[in-house]
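Chemist: Each residue of the sequence shown is one higher than the last, beginning at 270 in our numbering.
For every residue, glycine included, the Cβ atom is placed at its ideal position computed from N, Cα and C.
One structure is given below, represented as structure tokens, and several questions about it will come after.
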Amino acid sequence: MIEENNVGAARSAQFIAPNQATTPNQTSLPKTYEPQAVESKWYQFWEEGGYFKPQPGATGSPFVISMPPPNVTGALHLGHAITATVEDILIRYHRMKGDDTLWVPGEDHAGIATQTVVERLLAQEGTDRHKIGREAFLERVWQWVQQYKSRIQDQHRRLGASCDWSRERFTL
270 MIEENNVGAA RSAQFIAPNQ ATTPNQTSLP KTYEPQAVES KWYQFWEEGG YFKPQPGATG
330 SPFVISMPPP NVTGALHLGH AITATVEDIL IRYHRMKGDD TLWVPGEDHA GIATQTVVER
390 LLAQEGTDRH KIGREAFLER VWQWVQQYKS RIQDQHRRLG ASCDWSRERF TL
């Protein structure tokens with residue numbers, strides 16, 4: 270139970286999730302941790318608060334990381350997660366030091382890899398890029414890229430990557 274005179278405990282309880290309604294004598298915490306509920310609220314709070322954007326008035330030096338763009342070939346793998354974690358540790362460390370930080374996110378088309386994936390999908394439909402023509406094939410590639418690009422962005426967000434998503438870059 271959180272007592273009214275225990276300010277530290279009350280402050281800790283309010284950080285279960287931002288903007289979560291609490292009462293002064295709230296007596297229980299959830300029995301199990303629900304990461305999707307808690308972490309998505311925190312990430313939204315950070316993004317909306319501009320915490321991942323550069324702070325030009327920062328007292329420290331500029332520190333920038335350009336995310337090595339993952340290929341848009343479906344989903345992130347463990348290697349992407351490790352890289353994102355290391356980069357996130359670095360950017361947050363410099364942010365806490367007072368440096369003006371920027372982590373630029375991005376994705377890459379991986380031309381041949383993307384083409385191979387889309388051609389495989391066309392083969393499952395009983396056709397190929399030559400039969401449907403160049404324009405229709407490029408349209409299918411763009412449709413596929415848009416679908417999986419947002420999946421990769423969502424996966425990075427769920428990892429907690431503190432990127433400035435307003436500066437995202439994509440190459441095709």
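#1: Taking the C-alpha atoms as reference points, what is the distance between Leu442 and Asp397?
#2: Confirm, please, whether the CB-CB distance from Glu376 to Lys322 is below 8 Å.
#3: In chain order, what residues of the same chain lie with their CB nearer than 6 Å to the CB of Gly329, ignoring the 5 residues before and after it?
#4: Using the DSSP secondary-structure output, state which residues sit across from Arg361 in a beta bridge.
#5: In the DSSP assignment, find the beta strand (DSSP E) that holds Asp369 and state where it starts and stops.
#6: Val386 and Arg409 look like a contact to me (Cβ under 8 Å); what is the Cβ gap, rounded to whole Å?
#7: Name, in chain order, the residues that DSSP records as bridge partners for Ile335.
#8: One question on the structure: do Arg427 and Val373 come within less than 8 Å of each other, judged by their Cβ atoms?
#9: Three-state secondary structure (DSSP) at Thr440?
#10: Hey, Leu359 and Ile421 are a contact pair by Cβ (cut 8 Å); roughly how many whole angstroms apart?
#11: Cα separation between Glu308 and Gln424?
Modeler: The relevant details are as follows:
#1: The requested residue 442 is not part of the displayed model; the chain covers only 270 to 441.
#2: Taking the first residue of the sequence shown as 1, we reach residue 322 at position 53. Taking the first residue of the sequence shown as 1, we reach residue 376 at position 107. Result no, Cβ atoms of Lys322 and Glu376 do not sit closer than 8 Å.
#3: Start at 1 with the first residue of the sequence shown, and residue 329 comes out as number 60. Correct list, in chain order: Lys366, Gly367, Asp368.
#4: Translated into the one-based positions of the sequence shown, residue 361 becomes position 92. The partner list for Arg361 (beta bridge, DSSP) is empty, contrary to what the question assumes.
#5: Counting from one through the sequence shown, the residue named residue 369 turns up at place 100. First-last of the beta strand (DSSP E) with Asp369: 369 to 373.
#6: By one-based count along the sequence shown, residue 386 stands at place 117. By one-based count along the sequence shown, residue 409 stands at place 140. So it is not a contact: roughly 10 Å between Cβ atoms.
#7: Along the sequence shown, one-based indexing puts residue 335 at 66. In the sequence as displayed, the identity of residue 335 is Ser instead of Ile. Paired residues: Val373.
#8: What you label residue 427 is simply residue 158 of the sequence shown in a count that begins at 1. What you label residue 373 is simply residue 104 of the sequence shown in a count that begins at 1. Cβ atoms of Arg427 and Val373: not closer than 8 Å.
#9: Counted from its first residue, the sequence shown places residue 440 at position 171. Note: Thr440 maps to strand in three-state DSSP.
#10: For the purposes of this step, residue 359 is taken as residue 90 along the sequence shown, with counting starting at 1. For the purposes of this step, residue 421 is taken as residue 152 along the sequence shown, with counting starting at 1. 20 Å between Cβ atoms; not a contact.
#11: Translated into the one-based positions of the sequence shown, residue 308 becomes position 39. Translated into the one-based positions of the sequence shown, residue 424 becomes position 155. Near 13 Å, if we compare the C-alpha coordinates of Gln424 and Glu308.
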